[in-house]
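Step one of this worksheet: look at the structure below.
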Amino acid sequence: ARVTDDLYEDRSSYDSWIRLVNGNVSFEVNKTFKIKRLAAKGPLINAAYTRGVGLEIERRFARFTGLSKEKTVALHRELVVTLADWIATIDLSMASDTISYYLVKLMLPSDWFQILNIGREKFTYFGDKRVLLEKFSAMGNGYTFELETLIFYSLALAYIKVAGYPKHYEFVSVFGDDIIIPS
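First residue of the sequence shown: -11, per the numbering used here; consecutive thereafter.
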């Protein structure tokens, strides 16, 4: 017998091992001993799909920028130590909550938007309450970190161009929501 309730849809056309889920389940994790961070646990098949998409974003980002996750951590340390007077460091709070559905739709090519949107959980559950999400993805989604990196990097490059400093692109680095730009 299959368990069905508001969270699960009963679809008799699927095999008994498949359960369609209407959203993810939100929970809090400790960011520090005083601050909690909201995260979400999505369906297993979404987790696998979104992680695969996240790895592809990471691979293409590294190919385009030369910045892999491993290199970026060391680069941030080096830039902060050697160029402290020339750079500004920005660490956003609740960064994944700031990336809305429409921002992603606006910034990404339509084919990439569709790829990401397929694995996006549109609802979250807080206990028994189902909530429609306007943010694109939560911490716990397999591509949230890479999507944040891509969007914030793009915005940082746009800032450099608009501010009139196109020769300073080498001072731009992003690792999730940790951003380094020329001061």
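A virtual CB, placed ideally from N, CA and C, is assigned to each residue, including glycine.
Around the C-beta of residue i, are 16 or more other C-beta atoms found within 10 angstroms, so that it is buried, or is it exposed?
{"i": "Thr20", "result": "exposed"}
{"i": "Asp165", "result": "buried"}
{"i": "Gly42", "result": "buried"}
{"i": "Glu134", "result": "buried"}
{"i": "Leu71", "result": "exposed"}
Is the separation between the beta-carbon of residue i and that of residue j shorter than 8 Å?
{"i": "Gly11", "j": "Glu136", "result": "no"}
{"i": "Gly54", "j": "Asn129", "result": "no"}
{"i": "Met127", "j": "Arg25", "result": "yes"}
{"i": "Leu80", "j": "Thr86", "result": "yes"}
{"i": "Val69", "j": "Thr77", "result": "no"}
{"i": "Tyr37", "j": "Gly107", "result": "yes"}
Can you give the Cα-Cα distance for residue i and residue j, rounded to whole angstroms?
{"i": "Val61", "j": "Lys149", "result": "24 Å"}
{"i": "Tyr157", "j": "Thr132", "result": "24 Å"}
{"i": "Tyr113", "j": "Ile103", "result": "24 Å"}
{"i": "Phe159", "j": "Phe52", "result": "16 Å"}
{"i": "Ala(-11)", "j": "Lys117", "result": "With a pLDDT of only 40 at Ala(-11), under 50, the local geometry of the prediction cannot be trusted, and no value is derived from it."}
{"i": "Leu145", "j": "Ser84", "result": "19 Å"}
{"i": "Glu58", "j": "Asp73", "result": "24 Å"}
{"i": "Thr(-8)", "j": "His64", "result": "Reliability fails at Thr(-8), whose pLDDT of 46 lies under 50, so the model's placement of it is uncertain and no value is given."}
{"i": "Ile33", "j": "Glu16", "result": "22 Å"}
{"i": "Pro97", "j": "Arg47", "result": "17 Å"}
{"i": "Phe101", "j": "Asn18", "result": "31 Å"}
{"i": "Ala151", "j": "Leu91", "result": "22 Å"}
Leaving out five residues on either side along the sequence, give the residues of the same chain with a beta carbon under 8 Å from the beta carbon of residue i.
{"i": "Ser88", "result": "Glu122, Lys123 and Phe124"}
{"i": "Phe111", "result": "Asn10, Gly11, Asn12, Arg118, Val119, Leu120 and Leu121"}
Using 8 Å for Cβ pairs, my map puts residue i next to residue j. What's the rounded Cβ distance?
{"i": "Phe49", "j": "Leu138", "result": "6 Å"}
{"i": "Ile75", "j": "Ile168", "result": "5 Å"}
{"i": "Ala28", "j": "Val9", "result": "Contact flag wrong, Cβ pair sits at about 12 Å."}
{"i": "Tyr141", "j": "Val162", "result": "4 Å"}
By Cβ distance below 7 Å, which residues in the same chain neighbour residue i in space, the five residues on each side in sequence not counted?
{"i": "Tyr153", "result": "Pro170"}
{"i": "Ala35", "result": "Gly130"}
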